[in-house]
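A.B. asks: Protein chains in written order, with our numbering: chain D, 1 to 454; chain L, 455 to 908. No residue lacks a Cβ here, since even glycine has one placed at the ideal position from N, Cα and C.
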């Protein structure tokens, strides 16, 4: 029930470069690493997500005949031999992947996924891998903040309607659940991933009726003990009063607009006065981590939150600075590690590993970014070998297990990173060897060495 | 080649409400309108998009057996009769749709699409319609600004890698093209929609080689006269010099980083000095409408732009305040028009039409939002009847035609809206009849009348 990804879901230049490699006989093994340049002003850490989707895409990668035909007809391939298209038609992923476990907190410059394969293959996947991993990571990272702000109160992801299309809605639900949300409103996510799917009722149901109470009675009769009644269509306290007078006993009531601090207090008091201590209060409507935090700090007696658009679009940072860069190629006489050298946005050369170091209390202390050719004792290596020769080494972990591990790993983050206020103080050390490799490449290419990275 | 949309791509409450309507025997005809509450600080107008996708979704809507089975097993439906699931299994869209033509500029509160159908159906589509129409509209509206800023220089949409998954990348490419971009990097969009697909080369191709010039030569030999060479991997001017010395004659060179005002001037001067007046300069890299405007105003000799993330994610406003609201239902003894009445976010009742009025020069002057029961002489009605009894009345217009009409309609916008600076002065008049209907509903529901809308 994962939605399929066409092979043509790629920037054209991945394919013209493939043609150029093929025509020039370049089939060397290459490694590309996917990482985030900058975690963004509004995040103190990121949560790796979208990895399972990426691995399934790689494992299932193939061109359909009409995709090949489209490329044959495209003018960019006018001078390309017909054999190239036969090559594409037979192409499957045969490489290896190292990746962080989904749900792992990570930081800028740390590779979360490395593809090692013949260069044509590894390059081809760039566009799709970036969009899949970047998007789910953006959503998971936002959702984790909302979950932290909710201090243990359940958060449901309700943002499908404002997601970037229905596929984005599905994977947003998955990423949000992975990062600690308790469920989603997205029904497809229930079928596809077994995520708990929850829902209440809309204003439109109530507006269908001339009489609000009649709509509550009709709805409750069908949905039964799981009913959540929506109070704010006309007048919140009046709606509550009519529910009490009619003797309805919903499982919860929902507040979707207005001053939800005051209203939640009034509703809680009235429910308690009526002896309905077990009726919960659900709050929704343009929430994010800051508003959730504000409500709870002010003592709002809210039991759970539905958070939509802000999670499903990662609204305050909808596009991570995710990149996928060549770091090594088995070709040429000079050094085989590679990096982008420009002063403005250089990358670290060679295949790398991230080592995580914890303090005596088990909280994260710092990470070390190292070349795989180095020994870094004492740290936990975060990238693991997950795909070999084009196939998953083990079945992917269950989403429930990933979610539980993500929760445990979030609990290891230092308190200053878990706060909502910006804090970019987490230390990621780059080894001297990586710095030396970068300098070596710069010298080889005659590019000026930049003091700040020297 | 449109990607399919599962029926379960819906918030669960659309389905629990369907069950409640069905169990209570409510099959009345209803009308829902899709509109944007607020066009946002960073937009002066919006461009309607995603309509064709929405209509195809409606026409093809059906539940798969495993979707029905999922719902049967879900605890929210425990008290729902088995007949409801048989009803869902046979459900197809049988209603009517009125919609604006894709590419039409529109404003807050103006319905761009109305669904009229039995209430269960019309309600069910809410989540998917909002995400499809809202997303493409967000992208088209952003792209139109970039196209305006580019003053006739071609703009390609290059944002697939940072789109919210690969489906979002595909429809972002379509929306951007509709709104005036000249092409996309997304190959699937070429196959699916016939959009011109363009591309250059990546830094990684160059980095594969030990020698930059060798990579240029190899690439040019394969791609031929359409080659665009990327200059900024190591040193922009040095790369250009090597190209000239080697006698290469690419169709264009690309600048992806650094001070692109200065670099474009230096590159243009050097190309002209070498007699290569026909070699164009393409600029990419973290561009948006403001940076494009700034570069061109400063006299940068740039021929075309590649704009990625900012268009494909509508980054500065990634989620429009799109809603889908019940406006009419054939039920009950009182008035049959409906509206949300809360002071904070009320809606306008009844099925509506948008009438557009132009000045003597043919530029947009103002719009009138009216009930369909009113006669508004002299204005152009924007909503047209496009689906009848569940089927498209005519085949959808060709994307090329929509794009040409969008361009013509953008040219009719007043200059003050076409500028990048915020301007929300366009007048949308609400008729006295709509205001009276809202007051009537408020009185019927005993909700306080709000002066500002009286």
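(1) I'd like the ranges of any beta strand (DSSP E) spanning at least 3 consecutive residues and lying wholly in the region 130 to 179 of chain D.
(2) For a contact defined as C-beta to C-beta under 9 Å, what are the partners of residue 456/D on chain L?
(3) Could you list which residues in chain L have their beta carbon closer than 7 Å to that of residue 445/D, in chain order?
(4) So residue 96/D is in the beta strand (DSSP E); what residue range does that whole segment cover?
(5) Kindly say whether residue 439/D, judged by its beta-carbon, lies nearer than 9 Å to any beta-carbon of chain C.
(6) Just how far apart, CA to CA, sit residue 824/L and residue 793/L?
(7) Hey, would you say residue 308/D sits closer than 9 Å to residue 287/D, going by beta carbons?
(8) In terms of residues, what are the limits of the alpha helix (DSSP H) holding residue 406/D?
(9) Would DSSP call residue 205/D helix, strand or coil?
(10) State the start and end residues of the unbroken alpha helix (DSSP H) segment that holds residue 213/D.
(11) Could you tell me which of 646/L, 548/L, 851/L sits nearest to residue 624/L, measuring between CA atoms?
(12) Where are the alpha helix (DSSP H) runs, 4 residues long or more, that stay fully inside the region 733 to 788 of chain L, in chain order?
(13) Flag this pair as yes or no: are the beta carbons of residue 885/L and residue 828/L separated by less than 9 Å?
(14) Just to confirm my understanding: we take residue 679/L, look at its own chain, exclude 5 residues before and 5 after, and list those with CB closer than 7 Å. What are they?
(15) Roughly how many angstroms separate the alpha carbons of residue 490/L and residue 518/L, rounded to a whole number?
(16) Could you round the C-beta distance between residue 383/D and residue 99/D to whole angstroms and report it? I think they count as a contact, below 8 Å.
(17) From residue 846/L to residue 607/L, what does the alpha carbon distance come to, in whole angstroms?
(18) In the DSSP assignment, find the beta strand (DSSP E) that holds residue 487/D and state where it starts and stops.
(19) Taking C-beta to C-beta, are residue 686/L and residue 708/L nearer than 9 Å?
(20) List, in order along the chain, the chain L residues whose C-beta lies closer than 7 Å to that of residue 309/D?
(21) Roughly how many whole angstroms lie between the Cα atoms of residue 265/D and residue 484/L?
(22) Indicate whether at least one CB of chain L lies closer than 9 Å to the CB of residue 171/D.
(23) Less than 9 Å between CB atoms is the rule here; does residue 151/D satisfy it with respect to chain L?
(24) Taking only three categories from DSSP, how would you classify residue 465/L?
(25) Could you work out which residue in 260/D, 285/D, 248/D, 298/D is closest to residue 279/D when comparing CA atoms only?
(26) Can you tell me which of the three DSSP states residue 119/D falls into?
(27) Using a 10 Å radius around the Cβ and a threshold of 16 neighbouring Cβ atoms, would you call residue 529/L buried or exposed?
(28) Hey, out of 488/L, 563/L, 599/L, whose CA is closest to residue 745/L's CA?
(29) Starting from the C-beta of residue 451/D, find all residues in its chain whose C-beta is less than 8 Å away, skip the five residues before and the five after it, and write them out in chain order.
(30) What's the call for residue 132/D, buried or exposed, on a 16-neighbour Cβ count within 10 Å?
(31) Among 2/D, 107/D, 148/D, which has the Cα closest to the Cα of residue 40/D?
(32) With a CB to CB cut of under 6 Å and the five nearest residues on each side skipped, what residues in its chain are close to residue 367/D?
(33) Can you give me the C-alpha to C-alpha distance between residue 735/L and residue 726/L, rounded to a whole angstrom?
(34) Any contact between the region 156 to 167 of chain D and the region 304 to 318 of chain D? By contact I mean 3 or more CB pairs, one from each, below 8 Å.
(35) Which residue marks the beginning of the beta strand (DSSP E) containing residue 946/L, and which one marks its end?
(36) What separation, rounded to the nearest whole angstrom, lies between the Cα atoms of residue 524/L and residue 531/L?
C.D. replies: Inspection of the coordinates gives the following:
(1) 155 to 157
(2) Residue 456/D cannot be examined here, being either before or after the span of chain D that is shown, 1 to 454.
(3) Within the first chain, residue 445/D is the residue found at index 445, counting from 1. Going along chain L in sequence order, the residues near residue 445/D (Cβ under 7 Å) are 688.
(4) For the purposes of this step, residue 96/D is identified with residue 96 of the first chain, where counting begins at 1. Counting along the chain, the unbroken beta strand (DSSP E) around residue 96/D starts and ends at 96 to 99.
(5) You won't find chain C in this structure, because its protein chains are D and L.
(6) Counted from its first residue, the second chain places residue 824/L at position 370. Counted from its first residue, the second chain places residue 793/L at position 339. Going by the C-alpha atoms only, they are around 14 Å apart.
(7) Translated into positions along the first chain, residue 308/D becomes position 308. Translated into positions along the first chain, residue 287/D becomes position 287. Yes, these two residues count as a Cβ contact at 9 Å.
(8) Translated into positions along the first chain, residue 406/D becomes position 406. Element bounds for residue 406/D: 399 to 411.
(9) In the first chain, the residue the question calls residue 205/D occupies position 205. Note: residue 205/D maps to helix in three-state DSSP.
(10) Sequence index remark: in the first chain, residue 213/D carries index 213 (1-based). Start and end: 212 to 223.
(11) Along the second chain, one-based indexing puts residue 624/L at 170. Closest by alpha carbon: 646/L.
(12) 743 to 751, 763 to 766
(13) Indexing the second chain from 1 puts residue 885/L at position 431. Indexing the second chain from 1 puts residue 828/L at position 374. Contact flag set, yes.
(14) As a working mapping, residue 679/L is identified with position 225 in the second chain. These residues qualify, in order along the chain: 705.
(15) Start at 1 with the first residue of the second chain, and residue 490/L comes out as number 36. Start at 1 with the first residue of the second chain, and residue 518/L comes out as number 64. Their backbone Cα atoms lie some 32 Å apart in a straight line.
(16) Here the question's residue 383/D lines up with position 383 in the first chain. Here the question's residue 99/D lines up with position 99 in the first chain. About 6 Å; that satisfies the 8 Å criterion.
(17) The count along the second chain starts at 1 and reaches residue 846/L at position 392. The count along the second chain starts at 1 and reaches residue 607/L at position 153. Rounded to the nearest angstrom, the two C-alpha atoms are 36 Å apart.
(18) As displayed, chain D neither begins before 1 nor continues past 454, which places residue 487/D out of reach and without an answer.
(19) Mapped onto the second chain, residue 686/L falls at position 232. Mapped onto the second chain, residue 708/L falls at position 254. In this structure, residue 686/L lies near residue 708/L, with their beta-carbon atoms less than 9 Å apart.
(20) For the purposes of this step, residue 309/D is taken as the residue at position 309 of the first chain. In chain order: 773.
(21) Position 265 of the first chain, counting from 1, holds the residue named residue 265/D. Position 30 of the second chain, counting from 1, holds the residue named residue 484/L. Their backbone Cα atoms lie some 36 Å apart in a straight line.
(22) Position 171 of the first chain holds residue 171/D. Yes, because at least one Cβ of chain L sits closer than 9 Å to the Cβ of residue 171/D.
(23) Residue 151/D sits at position 151 when you count from the first residue of the first chain. Taking Cβ atoms only, chain L never reaches closer than 9 Å to residue 151/D, which makes this a no.
(24) Here residue 465/L is taken as the residue at index 11 of the second chain, counted from 1. Correct three-state label for residue 465/L: strand.
(25) By one-based count along the first chain, residue 279/D stands at place 279. Comparing Cα positions, the closest option is 248/D.
(26) Taking the first residue of the first chain as position 1, residue 119/D is located at position 119. Correct three-state label for residue 119/D: helix.
(27) Taking the first residue of the second chain as position 1, residue 529/L is located at position 75. It is exposed - the Cβ of residue 529/L has fewer than 16 other Cβ atoms within 10 Å.
(28) Translated into positions along the second chain, residue 745/L becomes position 291. Per the Cα distances, 599/L.
(29) Along the first chain, one-based indexing puts residue 451/D at 451. In this prediction, residue 451/D has a pLDDT of 38, which is less than 50 and means its spatial position is unreliable; what the coordinates show is noted afterwards. Counting only Cβ-Cβ distances below 8 Å, and skipping sequence neighbours, we find nothing.
(30) Along the first chain, one-based indexing puts residue 132/D at 132. Classification of residue 132/D: buried, given that the 10 Å Cβ count is 16 or more.
(31) Residue 40/D sits at position 40 when you count from the first residue of the first chain. Considering only alpha carbons, the answer is 107/D.
(32) If you number the first chain from 1, residue 367/D lands on position 367. Same-chain partners within the cutoff: 354, 356, 428.
(33) Within the second chain, residue 735/L is the residue found at index 281, counting from 1. Within the second chain, residue 726/L is the residue found at index 272, counting from 1. Whole-angstrom Cα-Cα distance: 12 Å.
(34) yes
(35) In the structure as shown, chain L starts at 455 and stops at 908, and residue 946/L therefore has no counterpart that could be examined.
(36) Taking the first residue of the second chain as position 1, residue 524/L is located at position 70. Taking the first residue of the second chain as position 1, residue 531/L is located at position 77. Distance between the alpha carbons of residue 524/L and residue 531/L is about 10 Å.
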